[in-house]
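Residue 249 in this note's numbering is what sits at position 194 of the sequence shown, and the numbering runs on without skipping anything.
Written out below as structure tokens is the structure these notes cover.
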Amino acid sequence: MSIDIPTLFLVSTFVTSLLGIFLLVLWLQDRSARALGYWAAAYLLGAVAVALWLVMPKQLPEHRFDIASALLFLCCGLIWSGARTFHGQTIIPIAASAGAFIWLMVSQIPEIVESDSARVIVASIIIATYAVLTAGELQRERRKPKSNIRAFVIPVLHGVIFLSPILTTSLFVGDSLAHAGWFPLFTLLMLLYVVGTAFMVMVMTKEHTVQLHKTAAMTDPMTGLFNRRGFSEAAETLIAAQRKSSQPVTVMMFDLDHFKSINDRFGHDVGDDALKVFAETASSSMRTNDVIGRLGGEEFAAILAGGGETALIVGERVRAAFQARGIEISGHILNATVSIGAIEAPAENADVSAMLTRADEALYAAKKLGRNRVCTEKDIVEQAPQARKLLPIALFRPALKIPNAPIPAMP
Numbered sequence: 056m057s058i059d060i061p062t063l064f065l066v067s068t069f070v071t072s073l074l075g076i077f078l079l080v081l082w083l084q085d086r087s088a089r090a091l092g093y094w095a096a097a098y099l100l101g102a103v104a105v106a107l108w109l110v111m112p113k114q115l116p117e118h119r120f121d122i123a124s125a126l127l128f129l130c131c132g133l134i135w136s137g138a139r140t141f142h143g144q145t146i147i148p149i150a151a152s153a154g155a156f157i158w159l160m161v162s163q164i165p166e167i168v169e170s171d172s173a174r175v176i177v178a179s180i181i182i183a184t185y186a187v188l189t190a191g192e193l194q195r196e197r198r199k200p201k202s203n204i205r206a207f208v209i210p211v212l213h214g215v216i217f218l219s220p221i222l223t224t225s226l227f228v229g230d231s232l233a234h235a236g237w238f239p240l241f242t243l244l245m246l247l248y249v250v251g252t253a254f255m256v257m258v259m260t261k262e263h264t265v266q267l268h269k270t271a272a273m274t275d276p277m278t279g280l281f282n283r284r285g286f287s288e289a290a291e292t293l294i295a296a297q298r299k300s301s302q303p304v305t306v307m308m309f310d311l312d313h314f315k316s317i318n319d320r321f322g323h324d325v326g327d328d329a330l331k332v333f334a335e336t337a338s339s340s341m342r343t344n345d346v347i348g349r350l351g352g353e354e355f356a357a358i359l360a361g362g363g364e365t366a367l368i369v370g371e372r373v374r375a376a377f378q379a380r381g382i383e384i385s386g387h388i389l390n391a392t393v394s395i396g397a398i399e400a401p402a403e404n405a406d407v408s409a410m411l412t413r414a415d416e417a418l419y420a421a422k423k424l425g426r427n428r429v430c431t432e433k434d435i436v437e438q439a440p441q442a443r444k445l446l447p448i449a450l451f452r453p454a455l456k457i458p459n460a461p462i463p464a465m466p
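Right, here's the structure in full:
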């Protein structure tokens, strides 16, 4: 039983057109998903290319395949551009259209024009190149849901399918590739790939949208760091990872010194800029696996994999970096600094809430010792006797008299 190639081309045209229209409708519903727009254009352009192969055998017999193939390669460039847009990369129009221009130039070479095998090989190399580039762009995502892994594998498979004719051409004598038995099977594989890729694109876009909403719910809008909820979830994940290797964790609390004074003297806009500068400084001074978030106001927290010595190194790096950057912010001399409290605990029994409370006590010790420093559990213990020494003095101070103040009843 033979498969009619024109019928396959007709089916491919309708299927690709419908999928392109479907992706276009999705993009019109959510214009922020620019990748959908590129992929919709690619599918619609691909349908036009297949239609040219099918319905113009007489009108443009010598140029029909060149134009159709060039449109197909431009379609591949659009798919690659959509993959770049999907992960926030800039579009490279020259590279996206390079395949089409290369094909049009190569088609002017007599040796290529007269050999079907040579044309198939050149076309296969161009399409496989774009497929590999697309897979590389989709692989950029560091936190990969399952759909992103599929999105990486499918373009690679696409490239392998299109490289197969290079090997296949050596198995046939002459240039009778169009009549070879593998061509209908090859066309069917491409049709299945087109349908599968469309559904993969829809799943990826949906998961990406969900991820954006989830990230927004766990992100502080001013600084771009985790908010309290996001920090708690990320901290629990880090603790679980450290628990598997029986390694300690360290929680750090940060508080900008004299922040209320900065707001009062220079205004809230300058105060907000100071918070942003600290967030950028702290993020760039920490390691990639460290977790930092803004708990509210001028208070920040971080959790690190490792013990107190590691925290002291990281904390001192953050303190020194912010002291340097905080001299002048938004054109104002602020001399802003930060106080830091750090507490270490074994991951086996680490509790984020309890460690934050204890780290806040270390932060208070840093404030009492003069600010702009890093304090640990040791400093809390050293400060406690001093607090107790002050207690008898306070008992002998005369009571503050407030006119008309009610006297609290004895329990």
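Idealized CB from N, CA, C, for every residue including glycine.
Model, not experiment: these values are computed from the prediction.
Rounded straight-line distance, which links the Cα of residue j to that of residue i
| i | j | result |
| --- | --- | --- |
| Thr270 | Val177 | 44 Å |
| Cys130 | Lys261 | 23 Å |
| Val249 | Ser136 | 17 Å |
| Leu311 | Ser394 | 6 Å |
| Gly361 | Glu416 | 20 Å |
| Ile317 | Gly326 | 6 Å |
| Leu424 | Lys433 | 13 Å |
| Val306 | Arg89 | 40 Å |
| Ala155 | Val175 | 14 Å |
| Ser231 | Ala183 | Bear in mind that the predicted position of Ser231 carries a pLDDT of just 49, short of 50, making it too unreliable to give a figure here. |
| Gly467 | Arg380 | Absent from the structure is residue 467, since the part of the chain shown begins at 56 and ends at 466. |
| Ser72 | Glu166 | 34 Å |
| Gly348 | Arg372 | 17 Å |
| Ala409 | Phe377 | 27 Å |
| Ser67 | Thr145 | 31 Å |
| Val103 | His268 | 36 Å |
| Glu354 | Phe309 | 6 Å |
| Ala95 | Leu133 | 9 Å |
| Leu126 | Gln194 | 26 Å |
| Glu335 | Thr278 | 8 Å |
| Ala289 | Val346 | 7 Å |
| Ala153 | Phe128 | 8 Å |
| Ile164 | Ser170 | 10 Å |
| Leu78 | Gly92 | 7 Å |
| Arg342 | Pro401 | 20 Å |
| Gly251 | Phe69 | 15 Å |
DSSP bridge partner residues for residue i (one or two, in chain order)
| i | result |
| --- | --- |
| Thr305 | Leu359, Glu399 |
| His387 | Ile384 |
| Val332 | According to DSSP, Val332 bridges with nothing at all. |
| Val393 | Leu311 |
| Phe64 | According to DSSP, Phe64 bridges with nothing at all. |
| Ile435 | Paired residues: none, contrary to the question. |
| Phe281 | Thr274, Gly348 |
| Val105 | DSSP lists no partner for Val105. |
| Val177 | None, per the DSSP bridge assignment. |
| Val429 | Ile395 |
Burial state of residue i, where buried means 16 or more other Cβ atoms lie within 10 Å
| i | result |
| --- | --- |
| Gln266 | exposed |
| Asn427 | buried |
| Ser300 | exposed |
| Ile368 | exposed |
| Arg374 | buried |
| Ser287 | buried |
| Met160 | exposed |
| Leu107 | buried |
| Glu399 | buried |
Simplified DSSP state of residue i, which is helix, strand or coil
| i | result |
| --- | --- |
| His313 | coil |
| Ser339 | helix |
| Ser300 | coil |
| Glu354 | strand |
| Ile164 | coil |
| Gly322 | coil |
| Ile368 | helix |
| Lys251 | Sequence inspection shows Gly at residue 251; the Lys mentioned does not correspond to that position. Note: Gly251 maps to helix in three-state DSSP. |
| Thr274 | strand |
| Leu73 | helix |
| Ile147 | coil |
| His268 | helix |
| Gln194 | coil |
| Arg413 | helix |
| His263 | helix |
| Val170 | In the sequence on display, residue 170 carries Ser and not Val. Ser170: coil per DSSP, three-state reduction. |
| Ala88 | coil |
Identity of the residue in the options nearest residue i by Cα
| i | options | result |
| --- | --- | --- |
| Phe281 | Ile181, Gly351, Leu126 | Gly351 |
| Val429 | Gly101, Asp328, Ala397 | Ala397 |
| Ala151 | Glu353, Ala138, His323 | Ala138 |
| Thr412 | Ala391, Glu364, Ile382, Ala357 | Ala357 |
| Ala253 | Pro61, Leu81, Thr431, Phe64 | Leu81 |
| Gly75 | Ala123, Val256, Gly285 | Val256 |
| Ala123 | Phe141, Thr140, Leu100 | Leu100 |
| Pro61 | Tyr98, Gln297, Ala97, Val105 | Val105 |
CB contact below 9 Å: residue i versus chain B
| i | result |
| --- | --- |
| Ile122 | Any reference to chain B falls outside this structure, which holds one protein chain only. |
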